[in-house]
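Working notes, beginning with the structure itself.
Chains as they are written, first to last, in this note's numbering: chain A, 129 to 442; chain B, 129 to 442; chain C, 129 to 442; chain D, 129 to 442.
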C-alpha cells in the first residue's frame, strides 16, 4: 500500500484537538488516495470512529465491568471474535471514498449494511475514464471455478484483445459525447439528457462513491471479497482494506486472520472422517457421504493428495 | 397492465389448497410476465404473503384486540398509514421476478431493505439483449430538473441517434462474443473469462433478478420511483407496481394514494404563510423566509401562479 | 441540559491531534454524563463522526462537484432534508452511553437500525436501581389518547401510590438478592443462576447500553420519540438528543425543525378542503370525506375551533 | 412438538386454491398454537412463503439456468449452505405469533432483521400471566459458563423459592391493578395511566407479538438460540423452530444440521495442531499458542480428554 504523492483532492482540515480515540497510523493516511488497479482507481480513508479499545469498552458494558489493563484487551477481542459475539465490533465505524469500475461497484453495493453516496450520472457528466485491463488480466475461463479465471492468454493474443477493448471504450465514450452534443458536434442540434446518454457507456466505466460501514460488516466484506474466489478487480480493493485494518484495529486484524481468514470449518460428516483419521484408520471416499467436491476439499485442507480415493495418502 | 399471452417461462404449479390468506386478483397474475419497456423487460409476481387483513391482524395484536368486523378494517388501515405506524405493513411480503437494463437495476438495488438474487455474468453468458431507446425517449436535458429530461428531440434527429446507439450496442455485443471466442471466431485461440469479457457491455444491457420485499418498503419504493422526478425507465416499472398494489392490498393502496401520493407537506414557514392567506391577507415573497424555489412550489401546490411575487394571485 | 459536575465514570482520554472533522461544542460534552429523569438515568456522548460539512461533502460527490463556499452549505442541507434525500445524512455517526429503565429501553431498542451493546443480567449482578416515579408523573389514563396520560393525580393520592411502588421495588430487589443468596442470606444454600433470578425484577429496573446510530436514523428517532405522543420517560431522553443535535450539526438541526418537527402534512382530501377555504368558501364537515378525527386535526392545524362543524370558524 | 387440541384463537380461513408453493406439513400446523414452557407460552405459524424449491429457483436465476430435476435440488441447497451463499435462503419467509415472558422477548428482539408487532401495554391491559419457573428450572450459577446454569437446587429449596417467586408475582400484579384502580379498589380515586402502571410488573410477565423473518435469518436465529449456551427459556422456543424447519424446508434443515449445527470451526493455530496430530505426532499444550480454554475445546471436539496437557490422550 503506497500513498500517491499528491493525491489529496481536498485540502486536509487543519489539525484539531480531540478527546476521541485517535490512531496515529490512521491519521497518517487520512484523506490520502491509495492507488488501486494500477492507479486507475483509488481508495481513501475519509474518517474513522473507534479503535480496538472501543470494542473492549462496549463488551465490558455487556459484562458489567469497568476498564481493565490493556494487556487483557487482546484476549477479550480474540474471545469475542472466535465466539461470534459480533455486536462490540459494530461500535467502530469507517468512511471510505472509492473510485472503481461500475462492474466492481455492482458487486460492492450488494452489501446492504453500509451507507453510500455515489456519483450521479443523471446529474453530472461522466469523465472519460474507462478501466483498461492489463494484458496480464486476460485469462481464460477457469476449468474448476465456474465464476473465475484460469491461465492468462499468450501475450500477443492479450495485446491484440486489450487493444480492441480500448478502441471500443473510446468509441463508446465518443458516442456518449456526441449524444450530449458536447462541443456542438452536431451543429444546431440539442444534446440528449445525461440520464439516457450514459446508457451507451460500458460496465468498465469508472464511478466514485463514499461508503461508510461498521467494523463487523467491514470484516464480513473483506472475508468475502479478499477471498481467492472473488473477482480480481474487487479483490485488490479488499486486500487494501485488509492493510487498513492492520492500521486501524491491529488486535482485531490479528484475531480475524486466526479465527476467520485461516480457519477451517468441518461439517458433521467431515468430523466423522477426521475422528477416524485421528484414530489411525484409513478412510475410503466410498465409505463416506461426502460429495466428490467435498472429498477433494477435505483432502486439500488436511494436506493429502485430493485426487486419492483413500486418505491419508502416503 | 396487460399480461403477455404466453409469458410463463416456468410451468405454473398445480393449484393447491391452502389455509393462508389468498387473493383472487393476485392468483390471476401469479407467474405471468407483465411486459415493461415495450416488452423488452418484464415484471412477474412470483409469490406473495398476506393481504389487507394481515395488516389489521398485526395491528390488533399491538392493541390487544381480537378480530373485528371487516367494515372497520378500512378505517384502521387509513389511521395506521396516516400516522406512520409502519410496522403492521411489514407483515405482508411480495416476491417479483424482474428483467430490466443494468442502468435501471443500479438505481433499483440501492434500496437496501429487500432480498435479491441476480443473474451472474461471471457464471453465465449474457444474452444478446440491450435496451433500445424509442425515438420518443430521446429528450433534451431538462432546464429545470438537473437530473431529468425536457422536450423530445425532433424525429429525424432521434431516428439518427437511436440508430447509432443500436449500432454501438451491436458492436459491443460482437466484441463480447469475440472475447469469449464463441463459435471459435478466433480460431485456435482461447476465450477470455466471462467476468472480464462482460466489462465491454453497455449499461443498457438487460439483467434479471428475483426481488423480495415487505409491503412497507414496497410503498416506500413506489413513492420514490413512481414519482415524476424518477427516470422514466424505472418509473414504468414502479407504475406497474402501483397497479399490482391495487390487486394485492386495495385498502392500503387507496390509503397510500390519499395520505402519501397526493399529500402535501408544508414546512413551519409555509404554515405561517398559509395562516396569513387563510386570514385573507396578501403575502409577498419578500416578507417570507422562503427560497425562490420554495415560493414557487408553494404557489403551485395552492393553485396560484408560481411566478407571482404576491399570493393569492387573482 | 446540564452536565453533572463529576460525572465522568471513565478517565477522559488525553487530548490528541486529529485531521478528522472536530466540533468544539461536542468536545465539551464528550464523555460527560448528562442527567435524565431527575438524575436517575443519564445520556453520555461517547464518540461522534462527521459534522454538517460531511453531509455536504457526500452530497457533492453525488452531484460531481467539488468543495464550495460554506455559505452555500446551509441551502444544500435544507434542500436535501426537505426533499428527503436521506443518504448524505447517513454519513455522520454518533455513539451514546445510556442508562434508562427497562420499560424505556424496550421502546428504544425497537429501532432496528442502530448498533447496541447492553449490560447483561445473565453475566453480571443487576445494581439496586429501580426507577422512582415522581408524584407529578402519576397521571390518569388520557381520555383522548389511548396510549397516553391525562391530568396528574391529586398530590396525596400520588404520594400514597408512589410510596407503594417504591416499597414493591424494594421487595422485588430483596427477593432478587435472596434468590442469588447474596450475603449468604439462606445459610448453607446455593444461589440461583442470575439469568433466572433477574426475572423477578420489575420493568422499572435500570439498564445501560452503548448505542451507535447514523444521523439520518437519529433524526428519525427523535422525530418519533420527542413527539408529544411518546411516553414521557422516553421523551425526556429524546429532548436531550435534540439539544445534542444543536451542538453536533446546527444547520441540520435547524432544517429538521423547519421541515420535519414543525411541518404539516395534508392528505389529498384535506388539500381539497384547503383549496376551497383559500377561495373564501365555507366548508362543512359533512361535505368532506374526512373522518371526525381528521376534521378536528385539520381545524387545529389551521387555527380553527376543532369542535366546529364548519370552517372557517369566526 | 404437539399441537394444543383446541388452540386456534382465530377461526381458520376457509381453504382456498392457490398457485403458490404449498407445503402439506405446514398447512397441518398453520394457525395452531404449539405450547412452549409447559403451555404457559406458545408459538404459532401464521403464514409462510416459499419452500426448498424457492431457494433452488432463486439460485438458478443467479446461475442463468432453468428448472432442473428435483434430484439435483438437494445437492444445490447443500452447496449453497456450505459456501455461505446466503441470498437464496432469503427468498423464503415465515410469520409466527409468539407468547413468551418479557425477559425472553428482550433477547428475541435484539435480532434486528425481522418484522415485529408487539402487544402494547400502553394501549391495553396486561393480562394476569407471569412466568412460573418449575422447580427443575431453579439451578445454580454455572461454574464454567458465566452466563448459564449449573446443577439444579435440591427440591425442597426449589419448592420454597418458586413459592416465593409466585407470591411476589401475585403481589406485583395486584399492585398493577390497584394503580389502574380496576374494580374501583381505591373508591373515588382515579386510575393511573397504563404506561406507568405497567412498570411495576416483573420481567417474567408474558407478552405477545407477531414476528416475520426470512429463512436465512431464521437459520441464524436458531443457530444462536438453540445452542446450549442460550438461556433455557429461549432455547425451548428455538428448538420448536427447528422442528418447524423440518416441516417447512426439509432439505435446508438437513443441510443446516450438517454444515452449521454439527460443524466444527478450527482456527489457523488449531489447524497446525491438527496437521501434527494427523502426522502421528504428540502435541503438548505448551508447544502451541492456544489459550487454556481453546486447548480444552479442541480436545473435546477431537475426542480427547480435555484436561490432558498432551494430545492424543490414550
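Yeah, the Cβ is synthetic: ideal placement off N, Cα and C, and Gly gets one too.
Bear in mind the structure is a predicted one, so any value in this text is a computation, not a measurement.
Distance from the Cα of residue 277 (chain C) is smallest, within the candidate group C:143, C:356, C:411 and C:381, for C:356.
Counting along the chain, the unbroken beta strand (DSSP E) around residue 176 (chain A) starts and ends at 169 to 177. In the displayed model, residue 260 (chain A) falls within coil according to three-state DSSP, outside both helix and strand.
Secondary structure remark: continuous alpha helix (DSSP H) runs of at least 4 residues inside the segment 218 to 244 of chain B, in chain order: 230 to 236. Bridge partners of residue 412 (chain B) according to DSSP: B:438. Approximately 6 Å separates the beta-carbon atoms of residue 296 (chain D) and residue 300 (chain C); this is inside 8 Å, confirming the contact.
Short of 6 Å from the beta carbon of residue 244 (chain B), and not among the five residues preceding or following it, lie these beta carbons of its own chain, in chain order: 337 and 339.
Taking a Cβ-Cβ cut-off of 8 Å, the neighbours of residue 276 (chain D) in chain C comprise 250, 321 and 323, given in sequence order. With contacts defined as CB atoms closer than 9 Å, residue 308 (chain C) and residue 147 (chain A) fail to qualify as a contacting pair. With its beta carbon at least 9 Å from every one in chain D, residue 233 (chain B) lies outside the interface. The Cβ atoms of residue 391 (chain C) and residue 206 (chain C) lie no closer than 9 Å to each other. Nearest to residue 212 (chain A) by C-alpha distance, out of A:348, A:437 and A:275, is A:348. Judged by their CB atoms, residue 258 (chain A) and residue 327 (chain A) are not nearer to each other than the 9 Å cut-off. Contact with chain B is absent for residue 364 (chain A), since none of that chain's Cβ atoms lies less than 9 Å from the residue's Cβ.
Residues of the segment 331 to 356 of chain B whose Cβ lies closer than 8 Å to any Cβ of chain A, in chain order: 331, 332 and 333. For residue 164 (chain C), the three-state secondary structure derived from DSSP is strand. Nearest Cα to residue 172 (chain B) within the set B:368, B:418, B:255 and B:427: B:368.
With contacts defined by Cβ atoms closer than 9 Å, residue 370 (chain B) and residue 381 (chain B) form a contacting pair. Contact check for residue 237 (chain A) against residue 246 (chain A) passes: the beta carbons are separated by less than 9 Å.
If the five residues before and after residue 331 (chain C) are omitted, its C-beta is found closer than 6 Å to the C-beta atoms of 230 and 231, all from its own chain and listed in chain order. Under the three-state reduction of DSSP output, residue 425 (chain D) falls in the helix class.
Boundaries around residue 338 (chain A) are those of the beta strand (DSSP E), 334 to 342, since no alpha helix (DSSP H) includes it.
Taking a beta-carbon distance threshold of 9 Å, residue 158 (chain D) counts as an interface residue toward chain B.
Within 9 Å of the CB of residue 419 (chain A), the CB atoms of chain D belong to 203, 206 and 207, in sequence order along the chain. Taken atom to atom, the span from the alpha-carbon of residue 164 (chain D) to that of residue 372 (chain D) is near 13 Å. If the five residues before and after residue 429 (chain C) are omitted, its C-beta is found closer than 6 Å to the C-beta atoms of 392, all from its own chain and listed in chain order. With distances taken between CA atoms, residue 255 (chain C) lies nearest to C:304 out of C:189, C:304 and C:162. At least 9 Å separates the beta-carbon of residue 322 (chain D) from that of residue 233 (chain D).
Short of 6 Å from the beta carbon of residue 387 (chain C), and not among the five residues preceding or following it, lie these beta carbons of its own chain, in chain order: 209 and 210.
Distance from the CA of residue 218 (chain C) to the CA of residue 394 (chain B), rounded to the nearest whole angstrom, comes to 24 Å.
For residue 144 (chain A), the uninterrupted beta strand (DSSP E) run begins and ends at 144 to 146, by DSSP. Leaving aside the five residues that flank residue 216 (chain A) on each side, the residues in its chain whose CB is nearer than 6 Å to its CB run, in chain order, 183, 186, 187 and 208. Apart from sequence neighbours up to five positions away, the residues of its chain that approach residue 418 (chain D) with a beta-carbon distance below 8 Å are 397, 398, 401 and 426, ordered along the chain.
For residue 166 (chain D), not one C-beta of chain C is nearer than 9 Å to its own C-beta.
For residue 262 (chain C), the closest C-alpha among the options C:239, C:226, C:288 and C:241 is that of C:288.
Taking the Cβ atoms as the reference, residue 223 (chain D) lies roughly 4 Å from residue 175 (chain D), within the contact range of under 8 Å.
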